[in-house]
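In what follows, a structure is listed as structure tokens, so that the remarks can point back to it.
Protein chains: 4
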Amino acid sequence: MASNGRTGNWGRWGDDDERGALNLVDPSVVLAALAGCTTGKVYSLAIPMGHHSTPQVADRPIPERLTLAAPADAPVYQLYGAVEGVGANEDLIMMPSHAGTHMDALCHVYSDGTVYNGHPAGSFTPKLGASKCGIDQTGSFACRAVMLDVAAWAGEEFLEAGRIVTADDLEATRRAQGTEVRPGDALIVRTGWLEARRKPEGGPPAGAEPGLGLSAVDFIRDHDVAVVGADNAAVESIPFDKNIFLAVHIELLVKLGVTLIEHLWLPEMAADRCFESLLVVGAVPVTGATGSPINPIAIG
Amino acid sequence: MASNGRTGNWGRWGDDDERGALNLVDPSVVLAALAGCTTGKVYSLAIPMGHHSTPQVADRPIPERLTLAAPADAPVYQLYGAVEGVGANEDLIMMPSHAGTHMDALCHVYSDGTVYNGHPAGSFTPKLGASKCGIDQTGSFACRAVMLDVAAWAGEEFLEAGRIVTADDLEATRRAQGTEVRPGDALIVRTGWLEARRKPEGGPPAGAEPGLGLSAVDFIRDHDVAVVGADNAAVESIPFDKNIFLAVHIELLVKLGVTLIEHLWLPEMAADRCFESLLVVGAVPVTGATGSPINPIAIG
Amino acid sequence: MASNGRTGNWGRWGDDDERGALNLVDPSVVLAALAGCTTGKVYSLAIPMGHHSTPQVADRPIPERLTLAAPADAPVYQLYGAVEGVGANEDLIMMPSHAGTHMDALCHVYSDGTVYNGHPAGSFTPKLGASKCGIDQTGSFACRAVMLDVAAWAGEEFLEAGRIVTADDLEATRRAQGTEVRPGDALIVRTGWLEARRKPEGGPPAGAEPGLGLSAVDFIRDHDVAVVGADNAAVESIPFDKNIFLAVHIELLVKLGVTLIEHLWLPEMAADRCFESLLVVGAVPVTGATGSPINPIAIG
Amino acid sequence: MASNGRTGNWGRWGDDDERGALNLVDPSVVLAALAGCTTGKVYSLAIPMGHHSTPQVADRPIPERLTLAAPADAPVYQLYGAVEGVGANEDLIMMPSHAGTHMDALCHVYSDGTVYNGHPAGSFTPKLGASKCGIDQTGSFACRAVMLDVAAWAGEEFLEAGRIVTADDLEATRRAQGTEVRPGDALIVRTGWLEARRKPEGGPPAGAEPGLGLSAVDFIRDHDVAVVGADNAAVESIPFDKNIFLAVHIELLVKLGVTLIEHLWLPEMAADRCFESLLVVGAVPVTGATGSPINPIAIG
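Protein chains in written order, with our numbering: chain R, 1 to 300; chain U, 301 to 600; chain V, 601 to 900; chain G, 901 to 1200.
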């Protein structure tokens, strides 16, 4: 059972470190991940970001796309030498940093007054955002990814709401798939939940969700996983394991420095039984942001 | 000289196509690109997105990060079973679709009443955005990238403002580097301009910029390039070649269906003389958007 | 029955006019309105503007207040000579122009290719907004207001959903109250609907609403009313009278140049039977906006 | 000299009070203000709110108007029974709470850990905003206003940058004008600065501004003024009097509970020598906001 003390990986990569377990990924790890690709098939693991249609915590604003310029504005461009019938369309995008398919920066959660590596919670201020462990620190990486399809292993279309995925579930799935988990890997856990929720005919209600429990943290630590993603809202189960507020977030983000990816879209990879891939993530490096919508690209 | 007629690649991938020259990239092309990686070094080609510091056209709004939740809000979370000292930081991000390092969707520019492949300009409306050729169509891809470092070839720190990069410049740089350009490649042109502009001590003034001219379009078409990126504001030169409004945008986006990436950050790749890489782009698939800030990842 | 032809008040105040029936209000009318005040009681007729709690058309974004600066930012102010413990709180406000208690500018609705006074619908473009009849033209005024409490006259707590308020209803209410309607007045119609909708224990469902029908337009035109407000979403009934799309909006905004105010909060005035008042409106003059949230102040 | 101790008006209207000196305005005061109107002329004291053109502190976002619906969207409305050629224009408005002509809520500034009346600074949190002394508490009022045209009295087009307006200046202007200041009045101070800044041919540079000094606080307290407004950025001088950070803001907002209005537009009232008027303000009651752009209406 997770018992990382207060300081799981603190200091492991230096007292100033803000990148956490992604330090496990060096060029040799990337080359090995590249060498493991067999199909060259490119998967986009993001869901569309749209007004009202994006799943997210109810309290956050709705993502919006707003028009900055459009064909009706063509006369505006006369200033720049525009000619009749030529012009540009442009938008303004507003999105909560934790909407849709997104990544949590290590500063997203604080506990006992600190974020990862003992950086003070006060390193985040409303005006300037994160001065430590912001999305600019962990938003760019490539590594090997392993998908553990727990739903398929369990023989279910999707795990039921509130179902806690344990270390044993992960290990059993890994064995059943015959997949190796290596240091520096991204671990992708498939519960089937997001697919169920997005069915045109309607799926299970919002609220409780299946997800990782505290014992899964042991699996992650023991395998020196660098990143964890899942096809649910919080990676961890809702309600939280043992009803501890943000239990797994605290263990992974604050103690281990493991970045989280939420609302992954996995049906194509699951259908292809693509359990190993190269995962590439490039979050927009918004200065001070605590997370970001992303479009993770996996190559089979 | 560019003479693609009205319909360079229109119909080449079907009358309904919205993906343009990215159709040239199939899994075998991706596998070949993977095989070409030699160092495993990961480059982020994006500049920080920040209030006032992001270079962009003056008329667009300034990107903003705003706080949605912060340590001072901890009492708010009592509703969710929060305990003392534990909480979350969250933001709202507002950004023009064409700010910072960004990608133009094929619908970004229209000419003679149409966007790429003859889709009507009216397929974009302010409320719904792009119903054809939006960022969701071209925002996810991986391919081989070739960087032509024209500034280095020219023996200059950066090309001067207004300098038009020609097909001959590209070919001479390619030969000098000994780099092959293949169908489906992303062509990255380095002018040195963005690095000059971002020098702490100040660089050349905003306004005119070096960039591609119309003859460069021939080079791109003849090599069946899938994507073109550069380290400047518009890929093309400003003022426009022959003073034709959006000259190269029209040729590449509208006629050839070649997606553009602007404000690439290239100094590390240039220092490493990394002329060939795997380029992976995952734009947030905002429904209806005409472009998106991105963080392109290159693997050497 | 409303039969204003295409051009009810067009040209009445000149071909360039953008202020419509508010031209009926001159200083002598204002002085008369001031002279009619008897209690000096000040009523705010606006409902709170808040995240999720503001009634509005579902398709519009949710109003948001976001923090720009807060106590946690105090260190930021060191740059400006700040001392320990002193600082400022600031927000960013995002709101649809037609959210909560708000005013429709005359350009809000177009019909047959024109807005009020024959100004072309194309005088609005997405980038620049309204160049004719924007909120800056009608957003500042003071005049006499007459409230017709149709719900009280009908002996109902609130008019039922879909109930069409007719010219006869208005005249009967006017007589029952003994209220005179004068040229240049603001006509405020109380249906009781917004109060019913905002009951803590829940009220009637959203969707259909009581409101003015086409015959009420005759009453408005015959009395030369300058502004019309009501305690519902659209002034007019939903569904629209005779199922004509935006029927009353077209008659009042486009043909008569009568500005509309929606979602008025009237319970205090109704309880006081304050049927005559001085109404003062100051909308933020956002350049090009088609409407604005407002806080109308009435003085009894 | 201002020496209000820590608790100028604290407790004067009860320990729970959040409305401050506006408590001085009761219906009899309003009736007296109405009775003082002589011309019926209506003045809007707000400047336009527009992209880039709105004067404000540089660090705040630029106000934006963005289009939500426009003529090009007409097909969208088919869902609602729209007919050809009929539709609606709508916007989204984004504005800092302290941009353009605006009002400071009493919670805007904190000092020694408290806002007005001893409410704790922690009553403001980034997520929920102000739970005490927000704009909803002071944003709706009508009262008598007295304009003291210090620039005219001084015989200058505008007071020079940094000029501190003293109690003696205010009293001398008052006497020269023959204007009485009564309890519950709004005091409007004209420096000429905003007019100078907005001249088409360019005015004095941004940065230092004329405004009230600490002795003016005595004048305000001694006359029991309810609201203070001026035609500059901060009511008080910049640099601050005696270089005390937010000196006058602390005295007026925190200690006396006097609401501030900034960037008033006064040239028309000044040209008319309209020194006494009815001032009516209705700020949009944004839940939790620390201020709001407003359009103050004065009636002469």
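We put the beta carbon where it would ideally sit given N, CA and C, even for glycine.
Since this is a predicted model, take the numbers as computed values, not measurements.
Is any beta-carbon of chain R found at less than 9 Å from that of residue i?
i: Ile594/U; result: yes
i: Pro963/G; result: no
i: Glu390/U; result: yes
i: Cys574/U; result: no
i: Thr1201/G; result: Here chain G has residues from 901 to 1200 only, and residue 1201/G is not among them.
i: His651/V; result: yes
i: Gly722/V; result: yes
Verify the CB distance criterion: does residue i have a CB-CB separation below 9 Å to chain G?
i: Phe741/V; result: yes
i: Thr354/U; result: no
i: Arg660/V; result: yes
i: Ile899/V; result: yes
i: Val376/U; result: yes
i: Ser644/V; result: yes
Counting contacts by CB-CB distance shorter than 9 Å, is residue i in contact with chain U?
i: Ala670/V; result: yes
i: Thr890/V; result: no
i: Asp915/G; result: no
i: Met601/V; result: Here the model assigns Met601/V a pLDDT of 46, short of 50, so the residue's position is not dependable and the matter cannot be decided.
i: Pro1026/G; result: yes
i: Leu846/V; result: no
i: Thr967/G; result: yes
Is it the case that the Cβ atoms of residue i and residue j are separated by a distance below 9 Å?
i: Ala834/V; j: Val848/V; result: yes
i: His1008/G; j: Gly1191/G; result: yes
i: Val1186/G; j: Met695/V; result: yes
i: Ala186/R; j: Gly100/R; result: no
i: Ser697/V; j: Arg1082/G; result: no
i: Thr259/R; j: Leu106/R; result: yes
i: Ile1161/G; j: Ala1198/G; result: no
i: Gly582/U; j: Pro296/R; result: yes
Using a Cβ-Cβ distance cut-off of 9 Å, determine whether residue i contacts chain V.
i: Pro48/R; result: no
i: Asp112/R; result: no
i: His108/R; result: no
i: Lys132/R; result: no
i: Met95/R; result: no
Start and end of the alpha helix (DSSP H) containing residue i?
i: Arg790/V; result: Element bounds for Arg790/V: not the alpha helix (DSSP H) but the beta strand (DSSP E), Ala786 to Arg790.
i: Glu795/V; result: Trp793 to Arg797
i: Asp270/R; result: Reading off the sequence shown, one finds Ala at residue 270/R, where the question assumed Asp. Note, Ala270/R: alpha helix (DSSP H), Pro267 to Ala271.
i: Ala516/U; result: Leu514 to Asp522
By the DSSP assignment, the beta strand (DSSP E) with residue i in it spans what residues?
i: Ser292/R; result: Gly291 to Pro293
i: Leu1160/G; result: Thr1159 to Glu1162
i: Val881/V; result: Glu876 to Gly882
i: Val1128/G; result: Val1127 to Ala1130
i: Ile1144/G; result: Where Ile1144/G is concerned, there is no enclosing beta strand (DSSP E), given that its DSSP letter is neither H nor E.
i: Ala298/R; result: Ile297 to Ile299
Relative to the alpha-carbon of residue i, which residue among the options has its alpha-carbon at the smallest distance?
i: Asn989/G; options: Leu864/V, Glu836/V, Ile899/V and Leu853/V; result: Leu853/V
i: Ile520/U; options: Pro500/U, Ala421/U, Gly484/U and Pro539/U; result: Gly484/U
i: Glu318/U; options: Gly478/U, Gln437/U and Gly529/U; result: Gln437/U
i: Pro504/U; options: Glu471/U, Ala516/U, Gly462/U and Glu536/U; result: Gly462/U
i: Cys37/R; options: Asp241/R, Val217/R and Val146/R; result: Val146/R
i: Glu384/U; options: Ala451/U, Tyr416/U, Ile393/U and Pro371/U; result: Pro371/U
i: Gly311/U; options: Gln356/U, Trp565/U and Gly418/U; result: Gly418/U
i: Glu756/V; options: Asp768/V, Trp793/V and Ala730/V; result: Trp793/V
task: Jot down the residue ranges of each uninterrupted alpha helix (DSSP H) in the segment 431–467 of chain U, minimum 4 residues, whole runs only, in chain order.
output: 435–438 and 450–453
Contained beta strand (DSSP E) runs [length at least 3] in the segment 34–120 of chain R, N- to C-terminal order: 42–44, 64–69, 90–96 and 102–104
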